[in-house]
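In the numbering used here, the protein residues as written are 815 to 1207.
Quick look at the structure:
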């Protein structure tokens, strides 16, 4: 039986190890509570909750890409322009040339990959700082976007395209008063989560690794399961889970695996943690950096596709200032601006926090200038908090 002191020590270590994530969850809860009060309950409704998730989707996708960029010690200021350009390419091909949705999206992703390769080449093989290359890219790609759109809005895109940003998982039984397919999916997710948690827990015990006491592990799984069921309830009672959130889920799974389970992911963290040590250990830094920016280009273009689908149109102004939201999401989520630290889960939480702030301020009819001031302060405070926490340690 575990001694009380050892149990407290394990709990303390668990909290310290995941302090940033716990703090973000508390901050997110505080933001939701404040906006719920200030909007007279309008913020925390099933309709607005679903709308919030759809707004979060395109920010989260781009934020997962920029996490790797920041972890490696770089920055990308061209995200907003790439998002707008990729979306415009897809919309242009469909509206003016009748391209099927799949082909239009594939073309947009190819454009994103080529942009990432272009920027990655100058950063990796010509040793130009990422700040300069992506700053130039921000202007360059915005200019190409304006040329493609000719300053006009490109619309309407097909319903099959719009569904990516506006559509929902269909019901199995249309006569059912609740969204049954989302209910079944929630049950499956909760079941798989608990199965995986128990499997990981037993594996750690077999390998004689430190684990939480069984009772605490049970409480942890119970709380997470309740949270999943509670928030899924809003979707079940409304129109179901949006397609864009399903897309975010699979991108998050893929990039979490890449970041934590592959040599490439370990190389990214090694480069960000100590570039010289990474070089001496035999890591091909140029190749890794090049791949990081190709990845960033692809995710930025995917974000642009979702953004365009959400609006059902593309315009020259699409994505302006979007890089602030994306970079802020990654940093709020725990990515260290100096490199070496950052997680995919953190980026998702950061994106949800930024989208919650945007959504809440819009519901309160705040003017654009006040919104920009607030977001700038949020980013500054997040960086200050992160650095001050490290200094105290």
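Even glycine gets a Cβ: it sits at the ideal position worked out from N, Cα and C.
- The stretch 1179-1189 makes no contact with the stretch 890-908, as fewer than three CB pairs between them are under 8 angstroms.
- When the alpha-carbon of residue 1154 is set against those of 1090, 864, 912, the nearest one is in 1090.
- A distance below 8 angstroms separates the beta carbons of residue 1130 and residue 960.
- Residue 1180: not part of any alpha helix (DSSP H); DSSP gives it neither H nor E.
- In terms of Cβ geometry, residue 1110 and residue 890 form a close pair [threshold 8 angstroms].
- In this structure, the CA atom of residue 1057 is about 21 angstroms from the CA atom of residue 969.
- Remark: C-beta atoms of residue 1051 and residue 992 approach each other more closely than 8 angstroms.
- With contacts defined by Cβ atoms closer than 8 angstroms, residue 1132 and residue 898 form a contacting pair.
- Put simply, the stretch 929-937 does not touch the stretch 979-994. Fewer than three CB pairs are less than 8 angstroms apart.
- By the C-beta density criterion, residue 1105 is buried, having at least 16 other C-beta atoms within 10 angstroms.
- For the 8 angstroms CB-CB criterion, residue 983 and residue 1042 do not form a contact.
- Remark: C-beta atoms of residue 1092 and residue 884 do not approach each other more closely than 8 angstroms.
- Comparing alpha carbon positions, the residue from 1028, 895, 1001 closest to residue 1012 is 1028.
- Per DSSP, residue 1129 lies in no alpha helix (DSSP H) segment and is marked neither H nor E.
- Scanning its chain for C-beta atoms nearer than 7 angstroms, with the 5 sequence neighbours on each side dropped, one finds around residue 1167 the residues 838, 841, 842, 845, 1146, in chain order.
- Assignment of beta-bridge partners to residue 982 by DSSP yields 1056.
- Per the C-alpha coordinates, the member of 944, 1160, 907 positioned closest to residue 975 is 907.
- As a beta-bridge residue in DSSP terms, residue 968 pairs with 1128.
- Counting other Cβ atoms within 10 Å of its Cβ, residue 1079 reaches 16 or more and is therefore classed as buried.
- Taking a cut-off of 8 angstroms on C-beta distances, the stretch 860-873 touches the stretch 1166-1180, as three or more cross pairs fall below it.
- Per DSSP, reduced to three states, the secondary structure at residue 878 is helical.
- In the structure shown, residue 1137 falls within a helical segment according to DSSP collapsed to helix, strand and coil.
- When the Cα atoms are used, residue 1125 and residue 937 turn out to be separated by approximately 33 angstroms.
- Rounded to whole angstroms, residue 952 and residue 1108 show a C-alpha spacing of 16 angstroms.
- In its chain, beyond the 5 residues on either side, 1079, 1158 have a beta carbon closer than 6 angstroms to the beta carbon of residue 1073.
- Judged by DSSP in its simplified three-state form, residue 854 adopts coil rather than helix or strand.
- Here residue 1102 is not near residue 1119, since their CB atoms are 8 angstroms or more apart.
- Taking C-alpha positions only, residue 1164 is separated from residue 909 by approximately 34 angstroms.
- Per DSSP, residue 953 is one residue of the alpha helix (DSSP H) stretching across 944-963.
- In this structure, the beta-carbon distance from residue 1003 to residue 874 does not fall below 8 angstroms.
- DSSP places residue 911 inside the alpha helix (DSSP H), whose first and last residues are 893-911.
- Each residue's CA atom was taken as its position, placing residue 854 and residue 835 some 28 angstroms apart.
- Considered as a whole, the stretch 1040-1101 harbours 1057-1075, 1077-1087, 1089-1094 as its complete alpha helix (DSSP H) runs of no fewer than 4 residues, in chain order.
- Here residue 1192 really is in contact with residue 1142; their C-beta atoms are around 7 angstroms apart, less than 8 angstroms.
- DSSP places residue 1008 inside the alpha helix (DSSP H), whose first and last residues are 994-1020.
- Annotated as distal: residue 915 and residue 1127, with beta-carbon spacing of 8 angstroms or more.
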